[in-house]
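Chains as they are written, first to last, in the UniProt record's numbering: chain A, 1 to 480; chain B, 1 to 480; chain C, 1 to 480.
Worksheet for the structure shown next.
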Amino acid sequence: MGCIQSFRQLCDYPKNTNVHISFPAVCFVWQTAMIILFGIFIRYNEESDPHWVEHKKANNLSDLDNDFYFRYPSFQDVHVMIFIGFGFLMTFLKRYSFGAVGFNFLIAAFGIQWALLMQGWFHSLDAEGKIRIGVENLINADFCVASCLIAYGAVLGKVSNVQLLVLTLFGVTLFAVDEYIIVSVIHARDAGGSMSIHTFGAYYGLCISWMLYRPNLNQSSRLQGSVYHSDVFAMIGTLFLWMFWPSFNSAISDHGDGQHRAVINTYLALASTVLTCMAISSLFNKHGKLDMVHIQNSTLAGGVAVGTAAEFMLMPYGALIVGFCCGIISTLGYIYLTVCLVFESPFMEKHLKIQDTCGIHNLHAMPGLIGGIVGAITAASASKSVYGEEGLINTFDFEGKFKDVVPTQQGGYQAAGLCVALCFGVGGGILVGCILRLPIWGDPADDNCFNDEAYWELPEDEEAASPVLHYNNHMQNKDV
Amino acid sequence: MGCIQSFRQLCDYPKNTNVHISFPAVCFVWQTAMIILFGIFIRYNEESDPHWVEHKKANNLSDLDNDFYFRYPSFQDVHVMIFIGFGFLMTFLKRYSFGAVGFNFLIAAFGIQWALLMQGWFHSLDAEGKIRIGVENLINADFCVASCLIAYGAVLGKVSNVQLLVLTLFGVTLFAVDEYIIVSVIHARDAGGSMSIHTFGAYYGLCISWMLYRPNLNQSSRLQGSVYHSDVFAMIGTLFLWMFWPSFNSAISDHGDGQHRAVINTYLALASTVLTCMAISSLFNKHGKLDMVHIQNSTLAGGVAVGTAAEFMLMPYGALIVGFCCGIISTLGYIYLTVCLVFESPFMEKHLKIQDTCGIHNLHAMPGLIGGIVGAITAASASKSVYGEEGLINTFDFEGKFKDVVPTQQGGYQAAGLCVALCFGVGGGILVGCILRLPIWGDPADDNCFNDEAYWELPEDEEAASPVLHYNNHMQNKDV
Amino acid sequence: MGCIQSFRQLCDYPKNTNVHISFPAVCFVWQTAMIILFGIFIRYNEESDPHWVEHKKANNLSDLDNDFYFRYPSFQDVHVMIFIGFGFLMTFLKRYSFGAVGFNFLIAAFGIQWALLMQGWFHSLDAEGKIRIGVENLINADFCVASCLIAYGAVLGKVSNVQLLVLTLFGVTLFAVDEYIIVSVIHARDAGGSMSIHTFGAYYGLCISWMLYRPNLNQSSRLQGSVYHSDVFAMIGTLFLWMFWPSFNSAISDHGDGQHRAVINTYLALASTVLTCMAISSLFNKHGKLDMVHIQNSTLAGGVAVGTAAEFMLMPYGALIVGFCCGIISTLGYIYLTVCLVFESPFMEKHLKIQDTCGIHNLHAMPGLIGGIVGAITAASASKSVYGEEGLINTFDFEGKFKDVVPTQQGGYQAAGLCVALCFGVGGGILVGCILRLPIWGDPADDNCFNDEAYWELPEDEEAASPVLHYNNHMQNKDV
């Protein structure tokens with residue numbers, strides 16, 4: 001701890017947000033690298049290649065058997081969650097909407113390319129050393145990027161665009177390794193990514209934020225709030241995340257009942273979360289008023305927490321219970337840990353030195369952990385009577401070298417997967433946090449945090465354009 | 001009428017918007033009840049259960065025959081209409097956007113759970129007393145909630161969140177009974193719900209608003225208008241409703257040509273409505289200017305009015321004619337009945353004592369009635385030459401005990417269905433209006449109507465944060 | 001040129017924006033004409049007609065073979081692009097959001113009806129003289145309208161709603177002829193419409209804008225900028241266009257691998273564009289700051305430029321390269337040609353007398369041309385070894401009278417198609433521009449440009465409603 005403290009001090013330096021050279025350079029070099037690597041490695045898979053027509057005839061398939069028709073609607077929903085959902089959810093700050101939507105766009109656009117490569121090397125490399133991609137790879141790339149966008153939530157407003165690209169480069173790399181270990185080595189199931197996406201992404205972001213702790217940030221906190229219409233913009237993000245979460249959790253589930261069940265479970269868990277989130281929000285306000293921060297974030301906790309178990313036999317009431325609990329826990333997290341209406345200052349900032357702009361600890365970290373645990377319990381209690389003989393094999397993929405696994409073992413695997421995600425998140429976050437503290441990334445001074453001014457050409461102020469105010473300005477000048 | 005008048009007076013009392021205890025209590029108790037009832041009644045159906053793999057083999061099906069792939073894209077579109085469409089459509093008020101989007105979210109999240117139960121008891125209860133749910137049930141639950149959200153439009157800004165939960169509880173219950181009678185007993189067809197959703201929902205809301213009439217509301221009408229950007233937010237709602245309405249009307253139509261035809265009819269009716277709505281809006285303004293209220297609402301009337309007949313052989317030109325008429329009627333409704341540019345005060349408020357915040361009378365009630373009538377006429381004029389022998393049976397479901405029904409009879413059934421929807425709406429609305437008038441629900445005083453202040457923690461004002469205005473405030477203080 | 005100059009002067013006249021009679025008249029007459037023409041010509045096709053059930057049995061098909069299930073999800077995405085995407089992209093102006101979203105809605109709602117007729121006459125007229133429509137026709141109608149919405153971008157804020165309807169009437173007509181020549185006569189392939197939609201639409205709009213040149217417009221340019229929240233609204237449009245562009249380019253591709261490949265290529269090209277667009281935006285700003293105009297527009301250039309080649313074997317790295325180049329070129333276009341940070345005034349306005357409000361030259365014209373060229377090269381270099389024998393026939397439709405075409409020939413056809421699109425755009429634009437200059441359309445005076453005041457009833461100002469400002473106004477009055 002002392003060592004981290006001194007490393008932090010070592011890296012303190014006067015800030016310069018001019019990324020005039022570094023940002024374009026990083027973009028061009030990395031994008032060029034993507035082109036070269038794609039040229040070497042990435043090819044169309046069987047279903048997106050013109051030879052499909054021959055393959056189809058040889059195997060007596062119809063065009064509808066192309067995975068495209070099973071996955072494409074879900075893919076587009078996930079795409080909306082990544083770009084509109086995460087992007088607009090973060091526009092709640094009064095003067096950081098450009099950064100929220102724009103840098104979210106940047107991270108995701110770079111991340112999906114790098115993710116196709118990283119995930120391809122681990123999962124889809126064929127005998128010729130090529131990565132064959134189809135629509136499922138696109139979904140997985142979007143998933144992978146989600147973990148980096150979660151991490152962005154913790155450092156929102158406090159880092160430069162160059163730092164975000166670095167965060168994404170390492171985040172995607174770590175995710176791919178992490179996911180490979182969880183899914184392929186340990187054989188844990190994680191359809192909606194409670195473990196690999198949310199737990200990993202949240203702890204990755206929180207640890208980066210911990211490394212980048214800014215002790216004097218409070219003074220600029222005037223900009224760390226919302227205004228009326230920025231809260232409405234943020235609701236666009238919230239609602240698209242909420243509505244399309246069933247697609248997220250079902251996008252890569254098994255065809256047929258797997259996708260179908262994942263949708264039902266997620267739909268129910270999210271509905272339940274809304275009620276308990278609003279209840280707690282009202283209960284802890286002295287006039288019973290609701291707080292937009294809770295509605296924007298905690299209503300989504302149920303979706304995170306059924307991520308792993310969505311395709312299992314969680315049962316409809318089970319999904320409701322998970323949502324019920326997460327709505328309470330997540331909202332309490334905002335009240336006690338992040339914003340703190342009770343203690344004098346937010347617990348996490350004061351005691352843990354973690355400044356978590358969007359409260360990802362409450363929306364992704366805690367529900368992610370719950371999701372992992374729920375997944376482990378549901379898997380461990382699976383039985384042939386509930387799933388049917390084939391259903392059990394199908395759902396948990398008890399095939400090949402895993403054909404002798406029994407549900408209780410699978411429960412252990414799930415628990416192990418959760419631990420791996422946690423370790424990768426914390427370890428990776430500390431490592432990348434150290435790198436991002438180096439004085440070369442153009443991050444803003446405390447005064448410039450949460451302010452689009454630093455990285456964006458802003459239009460003239462609306463107020464300054466209004467005739468009434470012009471008059472006032474004029475009066476002012478005359479007085480002087 | 002006199003009795004209603006005296007009941008209204010009886011219930012007048014000093015208002016207290018503090019829902020500190022009542023709102024969380026209702027949320028927790030009802031959500032807990034949902035969990036218990038789901039535990040007893042709700043199970044996965046054949047297509048979302050792991051036994052699907054065995055069922056599939058036994059019946060020689062492919063995964064694609066799972067209803068999920070027929071319905072899921074439409075379901076997600078409907079979901080967007082419910083949460084973004086209705087939610088943002090109501091954000092037009094300058095100071096009630098949180099309430100519009102947030103309470104819409106609350107109503108829908110509770111309503112879909114209760115609807116799964118209510119509709120399940122009436123339609124899907126199996127021999128074991130279990131309700132088996134799949135994606136079609138989720139769509140139907142969304143549909144059911146739509147009727148409550150329509151009703152919310154009439155009372156927007158004038159009720160508390162507790163009242164809205166009560167409105168939803170009864171609304172869903174009434175809807176389920178109403179729908180059961182219309183669809184199962186009377187055997188009327190109502191794919192897009194012109195009758196069961198729009199007519200019922202609109203009269204339900206209007207009668208509640210009638211019971212909750214506030215004679216002195218005008219004085220606070222400063223807040224009952226829009227501002228520039230709140231009108232733009234509302235257009236997000238309008239457009240998502242408009243674009244996805246073809247999915248709404250086709251979501252539960254027959255596989256194949258039924259869904260296909262419902263989409264085409266709805267697409268055309270809506271396109272036609274836009275032109276006549278804009279024409280009337282311009283014609284009745286002395287400078288030929290357009291009014292955003294009309295564009296936001298009346299452009300959707302065509303979708304409501306082809307709800308029942310969307311899957312019938314309405315013919316493309318028929319859909320255009322329906323849209324043409326509804327665009328005119330709905331816009332005239334806003335001009336003469338709701339906002340009234342011609343008489344001195346709005347007709348509906350002055351003469352009927354109905355305060356209809358969003359003008360649901362013009363968007364849902366009148367077009368819903370038209371939709372019911374169009375459906376009856378289209379059904380009555382169906383013939384084997386147009387539909388084909390099998391097509392006729394298929395489209396109108398002339399099977400089982402209804403196998404001897406002829407189209408003219410079906411026309412009568414449709415008309416009967418419309419009457420049932422109307423009766424349920426009016427009767428239910430008066431009943432629930434009485435309940436909501438009891439002095440225990442924390443509804444706002446007239447001064448607090450259309451103001452988020454009553455139920456939401458608001459961020460500091462944007463204006464107050466601007467430096468120019470700070471200066472002005474400062475000057476003010478000095479002067480004093 | 002001199003002749004055009006004198007025609008322009010001839011048509012100068014005092015402006016009157018009162019469209020009180022003309023606008024409703026045009027709407028009613030044209031909509032009535034649509035109903036009559038639909039009554040004569042438009043019928044359901046085999047897949048949306050109730051006889052489908054018999055057709056299905058006769059051909060041993062399943063409901064899933066109905067084209068509806070192949071195309072509907074893509075159709076809805078395209079629909080969102082047309083109404084939300086284009087509509088909100090143009091809301092960036094501080095005081096023209098109603099016009100942007102509302103007139104976009106008007107153009108599209110009229111255009112899709114007229115397009116169904118025009119495209120039907122050219123492509124789907126059957127032996128009985130009827131046009132049989134299904135979901136693919138709806139998609140094509142949306143595509144057709146896209147070209148008119150692109151043209152709207154050039155004249156945004158400078159024309160009346162009546163002029164826009166005229167622009168649409170001719171635009172759709174020209175598009176249908178243009179598309180017929182390109183696709184059916186020349187046999188060029190153009191799945192995503194780089195040539196027929198983007199190149200045609202952009203030059204059509206630019207030439208109209210050239211004909212409507214307003215030499216004194218600069219003085220009202222106070223309104224030609226954005227404000228903070230209007231830029232955020234515009235990002236809604238940008239992101240929905242960006243996310244759903246893969247659906248746009250694949251919506252009418254071949255079932256199976258065609259659609260699948262078009263999605264992958266578009267996804268990759270767009271991702272690559274984001275990085276180079278941001279890089280150039282930052283590089284050409286002296287503090288390295290990003291400009292929202294570039295992010296809102298140039299990030300989409302990659303999608304335009306892979307429109308033609310999306311279904312070909314462009315290869316993943318090829319798509320990245322196309323996106324890479326277009327991000328650079330499009331952003332440079334904004335910097336040098338449209339907004340001009342370098343020369344003293346924008347190049348296009350000063351030297352070419354073209355006032356291009358949204359910069360469609362950079363977003364659609366240049367990338368459209370690039371897209372046509374990329375398509376020609378990719379087609380010319382196609383080979384049986386890459387596509388497979390059947391794949392080649394399938395992809396390029398080398399059937400019927402085109403069965404002897406070889407790829408190099410096809411490359412020539414593609415190039416010819418591009419020239420046709422260009423000619424139609426330029427010629428049509430000049431013609432329609434002349435018509436729109438006639439003094440009968442109610443277009444705004446220079447002072448009224450970019451101001452919703454001219455055609456919309458506006459709500460009272462937010463500022464005027466704020467208590468602080470009321471106080472100031474009050475003070476003002478007292479002082480006097």
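Where a beta carbon is used, it is the ideal one built from N, C-alpha and C, also for glycine.
In the assembly as shown, histidine 79 (chain B) is a buried residue. Its beta-carbon has 16 or more other beta-carbons within 10 Å. With a threshold of 8 Å between beta carbons, serine 209 (chain A) makes no contact with chain B. Apart from the 5 residues on each side of it in sequence, glycine 375 (chain C) sits with its Cβ closer than 6 Å to the Cβ of Thr308, Ala309 and Gln414 in its chain, given in chain order.
The way I'd put it, the region 195-208 of chain A does touch the region 350-369 of chain A; three or more beta-carbon pairs between them come closer than 8 Å. For tyrosine 44 (chain B), the enclosing beta strand (DSSP E) has its first and last residue at 42-44. In terms of Cβ geometry, histidine 20 (chain A) and serine 282 (chain C) form a close pair [threshold 8 Å].
Contact with chain B is absent for tyrosine 96 (chain A), since none of that chain's Cβ atoms lies less than 8 Å from the residue's Cβ. Measuring C-alpha to C-alpha distances from leucine 270 (chain C) to each of C:Met118, C:Leu223 and C:Gln296 identifies C:Gln296 as the nearest.
Under the DSSP definition of a beta bridge, leucine 93 (chain B) partners with B:Ser226. Residue-level contact check: arginine 261 (chain A) touches chain B, since one or more beta carbons of chain B fall below 8 Å from its beta carbon.
Contact with chain A is found for cysteine 27 (chain B), since one of that chain's Cβ atoms lies less than 8 Å from the residue's Cβ.
According to DSSP, aspartate 291 (chain C) shares a beta bridge with A:Glu457. Boundaries of the beta strand (DSSP E) around arginine 132 (chain C): 131-133. Around the beta carbon of valine 185 (chain B), fewer than 16 other beta carbons sit within 10 angstroms, so the residue counts as exposed. As DSSP reads the structure, leucine 125 (chain C) sits in a beta bridge with C:Ile131.
For valine 183 (chain B), same chain residues with a beta-carbon under 7 Å away, outside a window of 5 residues either side, are Asp190 in chain order. Taking glycine 157 (chain A) as the centre and dropping the five residues before and after it, the same chain places the C-beta of Leu93, Tyr96, Gly99, Thr357, Cys449 and Phe450 closer than 7 Å to its C-beta, in chain order. Taking C-beta separations shorter than 6 Å and ignoring five residues to either side along the sequence, the partners of alanine 141 (chain C) in its chain run Ile112, Ala115 and Leu116, following chain order.
The beta carbon of phenylalanine 41 (chain A) sits closer than 7 Å to those of Leu117, Gly120, Lys130 and Ile131, all from its chain and outside the five residues before and after it, given in chain order.
If you check each beta-carbon in the region 277-296 of chain A against every beta-carbon of chain B, the ones closer than 8 Å belong to Met278, Ala279, Ile280, Ser282, Leu283, Asn285, Lys286, His287, Gly288, Lys289, Leu290, Asp291, Met292 and Ile295. Proline 73 (chain B) carries a helical assignment under DSSP once its states are collapsed to helix, strand and coil. Look at lysine 403 (chain A) here: in three-state DSSP terms it is coil, with no helix or strand label. The shortest CA-to-CA distance from glycine 428 (chain C) to any of C:Ser147, C:Phe110 and C:Lys350 is the one to C:Ser147.
Of C:Ala154, C:Asn59 and C:Ala262, the smallest CA-CA separation from glutamate 349 (chain C) is found for C:Ala154. Annotated three-state conformation of arginine 437 (chain B) is coil, per DSSP.
Under the 8 Å criterion on CB atoms, glutamine 76 (chain B) is classed as interfacial with respect to chain A. Counting the other CB atoms within 10 Å of its CB gives lysine 401 (chain A) a total below 16, which places it among the exposed residues. Remark: C-beta atoms of alanine 202 (chain A) and phenylalanine 122 (chain A) do not approach each other more closely than 8 Å. Contact of asparagine 448 (chain C) with chain B is not assigned, every C-beta pair being separated by 8 Å or more. Counting C-beta pairs closer than 8 Å gives fewer than three between the region 417-434 of chain A and the region 377-387 of chain A, which falls short of the contact rule. For histidine 55 (chain B), the enclosing alpha helix (DSSP H) stretches over residues 52-58. Chain A has no Cβ within less than 8 Å of the Cβ of glycine 39 (chain C). A buried status is given to asparagine 137 (chain B), since no fewer than 16 other beta-carbon atoms sit within 10 Å of its beta-carbon. Contact annotation: in the region 296-329 of chain C, residues whose CB is within less than 8 Å of a CB in chain A are Thr299, Met313, Met315, Pro316, Tyr317, Leu320, Ile321 and Phe324. About 5 Å separates the Cβ atoms of asparagine 216 (chain A) and aspartate 446 (chain A), confirming a contact at the 8 Å cut-off. Taking a 10 Å sphere around the C-beta of asparagine 218 (chain A), we find fewer than 16 other C-beta atoms and assign the residue as exposed.
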